[in-house]
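In my numbering, the protein residues as written are 14 to 319.
Backbone N, C-alpha and C define an ideal beta-carbon position, used for all residues, glycine too.
Structure record follows, encoded as structure tokens.
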Amino acid sequence: MDADLYYWTRALRPVQWYPGHIAKTEKELKEQLKLIDVVIEIRDARIPLSTTHPQMDLWLGNRKRILVLNREDMISTADRNAWAMHFSRQGTKVVFSNGQLGMGTMKLSRLAKSLAARVNVKRRAKGLLPRPVRAGIVGYPNVGKSSLINRLLKRRMCPAAPRPGVTRELKYVFFWFLFLNCDIDVKLTRKRKDLELLDSPGILPMRISDQAAAIKLAICDDIGERSYDVADVAAILVQMLAKLPTVGMKALQNRYKIDVDGQCGKMFIEKLALRLFNGDVHQAAFRVLSDFRKGKFGWVALERPR
14 MDADLYYWTR
24 ALRPVQWYPG
34 HIAKTEKELK
44 EQLKLIDVVI
54 EIRDARIPLS
64 TTHPQMDLWL
74 GNRKRILVLN
84 REDMISTADR
94 NAWAMHFSRQ
104 GTKVVFSNGQ
114 LGMGTMKLSR
124 LAKSLAARVN
134 VKRRAKGLLP
144 RPVRAGIVGY
154 PNVGKSSLIN
164 RLLKRRMCPA
174 APRPGVTREL
184 KYVFFWFLFL
194 NCDIDVKLTR
204 KRKDLELLDS
214 PGILPMRISD
224 QAAAIKLAIC
234 DDIGERSYDV
244 ADVAAILVQM
254 LAKLPTVGMK
264 ALQNRYKIDV
274 DGQCGKMFIE
284 KLALRLFNGD
294 VHQAAFRVLS
304 DFRKGKFGWV
314 ALERPR
């Protein structure tokens with residue numbers, strides 16, 4: 014599918030999105046990462062390869078990493094197993110999660126707990142008192158970082174919304190008693206903190222050179238809508254879905270009651286606009302993208318292990 018995607022994107026306006034706060038945040042995050050014991054990297058389970066920063070490995074160095082593939086409910090069990098095996102071969106610990114429903118949070122908390130124990134084993138061996146483990150949550154915009162933190166805390170501590178760019182600054186939140194309870198009230202700072210967790214805004218590269226990846230970010234709503242033409246992205250999504258054996262053009266035609274010759278996504282969007290939206294192509298395109306993002310086409314992984 015990637016070969017087709019590169020061909021389809023050649024004539025499109027490049028997708029680029031770099032909000033003003035990202036440059037400042039990236040600099041601050043790199044400084045904070047020097048103090049972090051373990052990094053929890055959140056990616057979109059539908060596009061795990063496209064939702065990691067190209068500089069991430071360089072930033073992390075030898076720090077321990079837990080990889081969380083969020084929105085696990087959007088892909089099949091077979092795809093989850095394939096990705097688990099792929100990252101296991103790389104020596105990376107993987108947790109599949111659904112930040113909206115809280116699935117995967119128990120496994121993530123157990124992993125973080127085990128890493129916490131390892132950090133303080135070394136401190137005790139040196140005769141030092143235990144200290145809270147410092148963990149940082151990083152990832153692209155809108156992959157579910159803040160929602161996952163709120164689920165772990167069992168309370169809304171970090172603002173979260175289904176659009177990119179809601180979190181705009183670094184913020185520490187504290188876990189008390191290994192995830193059993195949480196509070197950041199200054200009056201309670203004498204209690205033992207087991208984990209200090211850094212929530213960060215989504216960090217994108219200044220320029221996305223891989224436009225096939227950029228289109229997938231747009232399809233999955235992991236990049237700001239101002240950065241792309243909704244009609245172009247929806248047309249490509251239609252062509253991608255038409256090629257998938259689990260969806261196919263026939264299913265698309267049946268869903269929207271449209272008859273289209275071939276697999277031309279642009280023509281499909283235009284016909285949908287005429288049928289349902291008085292010719293408004295933007296609304297028709299947004300409808301298709303919204304249906305995909307809500308899982309109306311079933312389990313759809315736009316990337317598989319290479």
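Under the three-state reduction of DSSP, Asn94 is assigned to helix. Relative to the Cα of Ala97, the nearest Cα in the group Leu18, Lys77, Lys284, Leu82 belongs to Leu82. Linking Pro27 to Met280 through their CA atoms gives a straight-line distance of about 21 Å. Counting C-beta pairs with one atom in each stretch, the region 49 to 60 and the region 70 to 86 have three or more that are closer than 8 Å, which means they touch. Rounded to whole angstroms, Leu121 and Ala148 show a C-alpha spacing of 12 Å. For the region 92 to 140, the continuous alpha helix (DSSP H) assignments of 4+ residues that do not extend past its boundaries occur at 118 to 138, in sequence order. Non-local beta-carbon contacts of Leu48 in its own chain, meaning distances under 7 Å to residues more than five positions away in sequence, involve Arg147 in chain order. In this structure, DSSP gives Ala58 a state outside helix and strand, which the three-state scheme calls coil.
Contact annotation: Asp235 and Pro154 have beta-carbon atoms nearer than 9 Å. Here the region 291 to 307 makes contact with the region 247 to 259; the two share three or more CB pairs at distances below 8 Å. Across the set Thr90, Leu210, Glu209, Tyr241, the C-alpha of Tyr241 shows the shortest separation from the C-alpha of Ile221. Cα atoms of Met87 and Ala138: separation of roughly 45 Å, rounded to the nearest angstrom. Collapsing the DSSP output to three states places Asn291 in coil. Each residue's CA atom was taken as its position, placing Gly311 and Ala227 some 22 Å apart. Gln224 is positioned such that its CB atom lies no closer than 9 Å to that of Leu62.
Per the coordinates, the alpha-carbon of Gly278 lies some 10 Å from the alpha-carbon of Lys284.
Put simply, of Glu238, Gln29, Met69 the residue whose alpha carbon is nearest the alpha carbon of Leu42 is Met69.
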